[in-house]
Amino acid sequence: MLDLHWDYRHDIEYRRELAKGHRVHTYTERAEDMGFCFSQPPGREQQWLVHYTRACAEDFLYRVEAPSGDWIVSVYRRPPDRSRQHIVTIRMRWQAPDQDADVTR
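To convert, take the position in the sequence shown, counting from 1, and add 25; that gives the working numbering.
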């Protein structure tokens, strides 16, 4: 029997910004996801991480029915033999699909 061990464990932390400088850690998603590890051409790594993080965040926020608003999303790699490593942090505005344009709810 072939026993493969993948090491693509990541924590994705979601903080909702309620006011400037006031952020509330609302969710942590544990993901086994190799997308954050894809090799990119020189100079495009950051662009890829921002794009991929936003895509993952939109999917997650939709699934948990998160409220509309400004979110700070941070990704950390969790290697099994050492402490977690920060990969990227983005700021994004999330508009929940079932809410109107008022993001102050």
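Cβ atoms here follow ideal geometry from the backbone N, Cα and C, with glycine treated the same way. Because the structure is a prediction, the values reported are computed rather than measured.
C-alpha distance - residue i paired with residue j, whole-angstrom precision
i              : j              : result
arginine 103   : proline 122    : 32 Å
lysine 45      : proline 105    : 35 Å
isoleucine 112 : glutamine 71   : 9 Å
alanine 82     : tyrosine 33    : 17 Å
aspartate 84   : tryptophan 119 : 11 Å
arginine 48    : arginine 41    : 5 Å
Three-way DSSP call (helix, strand, coil) for residue i in this model
i         : result
valine 98 : strand
Buried or exposed by the 16-neighbour rule on C-beta atoms within 10 Å, applied to residue i
i          : result
leucine 43 : exposed
Residue range of the unbroken alpha helix (DSSP H) whose run includes residue i
i           : result
arginine 79 : 70-88
Residues near residue i in its chain [Cβ-Cβ closer than 7 Å; skip 5 each side]
i           : result
arginine 79 : Ile115 and Met117
Close-in-space but distant-in-sequence residues of the same chain around residue i (CB under 6 Å, 5 per side omitted)
i            : result
aspartate 99 : The question names aspartate, but residue 99 in the sequence shown is serine. Counting only Cβ-Cβ distances below 6 Å, and skipping sequence neighbours, we find Glu38 and Thr114.
Residue span of the beta strand (DSSP E) that contains residue i, given as start and end
i             : result
glutamine 110 : 110-119
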